[in-house]
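6 is the number of the first residue of the sequence shown in our numbering; add one for each residue after it. The beta-carbon is built from N, C-alpha and C at its ideal position, and this holds for glycine as well. The model shown is predicted, which means the values in this text are computed figures rather than measured ones. Structure first, then comments.
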Amino acid sequence: MKRIAVFTSGGDSPGMNACIRSVVRTGIYHGLDVFGILYGYDGMIGGNIKKMASHSVSNIVQRGGTILKSARSEGFRTKEGRKKAFEELSKHGIEGLVAIGGDGTFTGAKLFFEEYGIPTVGCPGTIDNDIYGTDYTIGFDTAVNTAMEAIDKIRDTAAAHDRIFFIEVMGRDSGYIGIECGIGGGAELVMVPETKTTIEDVVKSLKGLRKSKTSSIIIVAEGLPCGDAAQIMERVKASFNDEEKEFKVTTLGHIQRGGNPTAKDRLLGSRMGLAAVEGLLKGESNCMAGVINDQVVYTPFADCISKDKPLKNDYLRLQEILSI
Ligand code: F6P
Numbered sequence: 006m007k008r009i010a011v012f013t014s015g016g017d018s019p020g021m022n023a024c025i026r027s028v029v030r031t032g033i034y035h036g037l038d039v040f041g042i043l044y045g046y047d048g049m050i051g052g053n054i055k056k057m058a059s060h061s062v063s064n065i066v067q068r069g070g071t072i073l074k075s076a077r078s079e080g081f082r083t084k085e086g087r088k089k090a091f092e093e094l095s096k097h098g099i100e101g102l103v104a105i106g107g108d109g110t111f112t113g114a115k116l117f118f119e120e121y122g123i124p125t126v127g128c129p130g131t132i133d134n135d136i137y138g139t140d141y142t143i144g145f146d147t148a149v150n151t152a153m154e155a156i157d158k159i160r161d162t163a164a165a166h167d168r169i170f171f172i173e174v175m176g177r178d179s180g181y182i183g184i185e186c187g188i189g190g191g192a193e194l195v196m197v198p199e200t201k202t203t204i205e206d207v208v209k210s211l212k213g214l215r216k217s218k219t220s221s222i223i224i225v226a227e228g229l230p231c232g233d234a235a236q237i238m239e240r241v242k243a244s245f246n247d248e249e250k251e252f253k254v255t256t257l258g259h260i261q262r263g264g265n266p267t268a269k270d271r272l273l274g275s276r277m278g279l280a281a282v283e284g285l286l287k288g289e290s291n292c293m294a295g296v297i298n299d300q301v302v303y304t305p306f307a308d309c310i311s312k313d314k315p316l317k318n319d320y321l322r323l324q325e326i327l328s329i
């Protein structure tokens, strides 16, 4: 293998740049030509491919986002799109790929490998931490810290006015961000997909809080079946007399996806980038380089995509006990 390419795809996450840097420099260290594909699978289809040098990744380890840009590609879902992508990669003589992204990225990578056989190793980059085969994904730690800092600030004003705040966090189908920033931010209640909390549960627990608690923070994961944070707040509010309490909502949104990566995410991205390139050189393919119990582990894309990564049960219990 002499020529490899790296790309980022799907939702960006802080630490992706550290990972790109690591892929480029590890590749060069091993005598490879390394190419960067811009805009993920869309760039692959459009031939948006450029040669990377060691200096191309200078001064990026500390930056959020991705210098290679990202996209959620519709074109790559089609057979014609993937054929075009293969042709573009062939023009550049690309013999190996490093795909940085989440489950959508790996679903595409698996299909592409099965159709065209270009060896591919993935690095899990998503703030959601919802990928099987790694304890943590690149960007999760930064996102949790961003959310937690926001909660700290909201708590100040919530306490000053004796208010109840519903704070919506990201995470798509996974409650990892919600539970970790909830514990770190001292939330009274955490509503994540895994807890299946109902509106009645929220009302009951708010009414049951000790009298000395004059303000409360409720973390709401986005996309719950019982509604978004604003809808949940309105329904809970309806169970209280107007004069009893004041209710407010804050949706943190994409602020959780940006910002300088934490040291943990820079290190994780760097480790995974190196593991992906060295994995390719050792013959690993159609798999993701993850870190489990501090060891690099290669897990087939098929498992990363199909297997669940359940929340840690002790975290749910911990949050509950600490909120009394
Ligand atoms: O997968 C990362 C994530 O930030 C999710 O938490 C969120 O549901 C989604 O991406 C938002 O995606 P977009 O930026 O495309 O709206």
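Helix, strand or coil at residue i according to DSSP, with G and I counted as helix
{"i": "GLN300", "result": "strand"}
{"i": "PHE245", "result": "coil"}
{"i": "THR139", "result": "coil"}
{"i": "GLU386", "result": "The requested residue 386 does not occur in the structure, where the chain is confined to residues 6 to 329."}
{"i": "ARG322", "result": "helix"}
{"i": "CYS292", "result": "strand"}
{"i": "ILE260", "result": "helix"}
{"i": "SER221", "result": "strand"}
{"i": "ARG160", "result": "helix"}
{"i": "GLY127", "result": "strand"}
{"i": "THR147", "result": "helix"}
{"i": "GLU193", "result": "coil"}
{"i": "ASP270", "result": "helix"}
{"i": "ALA76", "result": "coil"}
{"i": "LYS317", "result": "coil"}
{"i": "ARG168", "result": "strand"}
{"i": "GLU185", "result": "helix"}
{"i": "GLU283", "result": "helix"}
{"i": "PRO305", "result": "strand"}
{"i": "ILE132", "result": "coil"}
{"i": "MET331", "result": "In the structure as shown, the chain starts at 6 and stops at 329, and residue 331 therefore has no counterpart that could be examined."}
{"i": "ILE5", "result": "In the structure displayed, the chain extends from 6 to 329; residue 5 sits before or after that span and is not available."}
{"i": "GLY48", "result": "helix"}
{"i": "LEU43", "result": "coil"}
{"i": "ILE237", "result": "helix"}
Closer than 8 Å: residue i CB and nearest ligand 1 heavy atom
{"i": "SER78", "result": "no"}
{"i": "HIS35", "result": "no"}
{"i": "ARG262", "result": "yes"}
{"i": "ARG177", "result": "yes"}
{"i": "ASP133", "result": "yes"}
{"i": "GLY180", "result": "no"}
{"i": "HIS1", "result": "Within the shown structure, residues of the chain are numbered from 6 to 329, placing residue 1 beyond reach of any answer."}
{"i": "SER14", "result": "no"}
{"i": "GLY183", "result": "no"}
{"i": "GLU283", "result": "no"}
{"i": "GLY228", "result": "yes"}
{"i": "HIS259", "result": "yes"}
{"i": "SER328", "result": "no"}
{"i": "SER244", "result": "no"}
{"i": "SER18", "result": "yes"}
Exposed unless 16 or more other CB atoms sit within 10 angstroms - verdict on residue i
{"i": "PRO129", "result": "buried"}
{"i": "PRO230", "result": "exposed"}
{"i": "ARG215", "result": "exposed"}
{"i": "LEU327", "result": "exposed"}
{"i": "ASP270", "result": "buried"}
{"i": "GLY122", "result": "exposed"}
{"i": "LYS96", "result": "exposed"}
{"i": "THR110", "result": "buried"}
{"i": "LYS88", "result": "exposed"}
{"i": "ILE329", "result": "exposed"}
{"i": "SER221", "result": "buried"}
{"i": "TYR34", "result": "exposed"}
{"i": "GLN324", "result": "buried"}
{"i": "SER217", "result": "exposed"}
{"i": "GLN261", "result": "buried"}
{"i": "LYS287", "result": "exposed"}
{"i": "ALA243", "result": "exposed"}
{"i": "ASP133", "result": "buried"}
Below-9 Å beta-carbon distance, residue i vs any chain C residue
{"i": "THR147", "result": "Protein chains in the displayed structure number just one, and chain C is not present."}
Closer than 8 Å: residue i CB and nearest ligand 3 heavy atom
{"i": "GLY107", "result": "Among the ligands in the structure shown, ligand 3 does not appear; only ligand 1 can be found there."}
* **At least 3 beta-carbon pairs within less than 8 Å: the region 299 to 311 vs the region 51 to 59** => no
* Asked: Taking three-plus beta-carbon pairs below 8 Å as touching, is the region 129 to 143 in contact with the region 291 to 299?
  -> yes
* Asked: If you pair each beta-carbon of the region 190 to 202 with each one of the region 162 to 182, do three or more pairs fall below 8 Å?
  -> Because the criterion of three Cβ pairs below 8 Å is met, the region 190 to 202 and the region 162 to 182 touch.
* To do: Assess, as a yes-or-no matter, whether the region 18 to 28 is touched by the region 70 to 78 under the definition of 3 or more beta carbon pairs within less than 8 Å.
  => Taking one beta carbon from each stretch, the region 70 to 78 and the region 18 to 28 have 3 or more pairs nearer than 8 Å; the two touch.
* Counting pairs of beta carbons, one from the region 34 to 48 and one from the region 72 to 81, are three or more of them closer than 8 Å? -> yes
* Taking contact to mean at least 3 C-beta pairs separated by less than 8 Å, is the region 151 to 163 in contact with the region 311 to 324? -> no
* To do: Taking 8 Å as the threshold, find out whether the region 100 to 108 comes into contact with the region 7 to 15 through three or more Cβ pairs.
  => yes
* With contact counted as at least three CB pairs below 8 Å, one residue from each stretch, are the region 256 to 270 and the region 138 to 147 in contact? -> yes
* **Inter-stretch contact (C-beta, 8 Å, three-pair minimum) for the region 24 to 33 and the region 275 to 285** => yes
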